[in-house]
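> Supplied in structure tokens, the structure appears directly below.
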């Protein structure tokens, strides 16, 4: 079954609003968000970004693939097509039709290699969806 992709207007190569958001969220949680958003930014030359629903979102063109968000005591690294991603390390949480997230809590060890693989898988997945429908 083919589903239409979520698309966002206004994605740019580097959104100053995201840099401002990172400054506003300085501290331990903000550093975690910055670390993982930087991984998203480096996925490929076609990565664009924007603010959506108050958080930084990474897109392939206008198709979002991942985001970060800071909460009171944790950071979410989320995936717009997360339900379709391979997750052998069982990091993903959520039970929505499409979206999933990884919750990162300061002071708790994170499986950085597995999370990095998820981010790159999300980028590859959205690239295939955009290019091949």
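Residue numbers (the numbering used here): 187 to 319.
Cβ coordinates follow ideal geometry from the N, Cα and C atoms, glycine included.
Values in this document were obtained by computation on a predicted structure and should not be read as measured data.
Shortest alpha-carbon distance to residue 269 belongs to which of 190, 231, 221 and 308?
For the residues 190, 231, 221 and 308, the minimum Cα distance to residue 269 belongs to 308.
> List the residues that DSSP assigns as beta-bridge partners of residue 262.
In the DSSP output, where bridge partners are listed per residue, residue 262 has 255 and 289.
> Out of 245, 249, 277 and 317, which has the shortest C-alpha to C-alpha gap to residue 191?
With distances taken between Cα atoms, residue 191 lies closest to 249.
> Which residue from 220, 210, 292 and 302 puts its Cα closest to that of residue 273?
Of 220, 210, 292 and 302, the residue nearest in Cα terms is 302.
> Closest to residue 203 by C-alpha separation, out of 224, 240 and 312, would be which residue?
Measuring from the Cα of residue 203, the nearest candidate turns out to be 240.
> By the three-class DSSP mapping on this structure, what secondary structure does residue 187 have?
For residue 187, the predicted model reports a pLDDT of 38, less than 50, meaning its position is unreliable; a value from the coordinates is still stated below. Coil, per DSSP.
> Check whether the Cβ atoms of residue 271 and residue 288 sit closer than 8 Å, and answer yes or no.
No, they are not a contact pair.
> With 16 as the cutoff for other CB atoms within 10 Å, does residue 223 come out buried or exposed?
Counting Cβ neighbours within 10 Å, residue 223 comes out buried, since at least 16 surround it.
> Give the straight-line distance between the Cα atoms of residue 237 and residue 210, rounded to the nearest whole angstrom.
Taking the straight line from one Cα to the other gives about 14 Å.
> For residue 216, collect the residues of the same chain with a Cβ closer than 7 Å to its Cβ; drop the 5 residues on either side in sequence, then sort them by chain order.
So the qualifying residues of the chain are 208 and 256.
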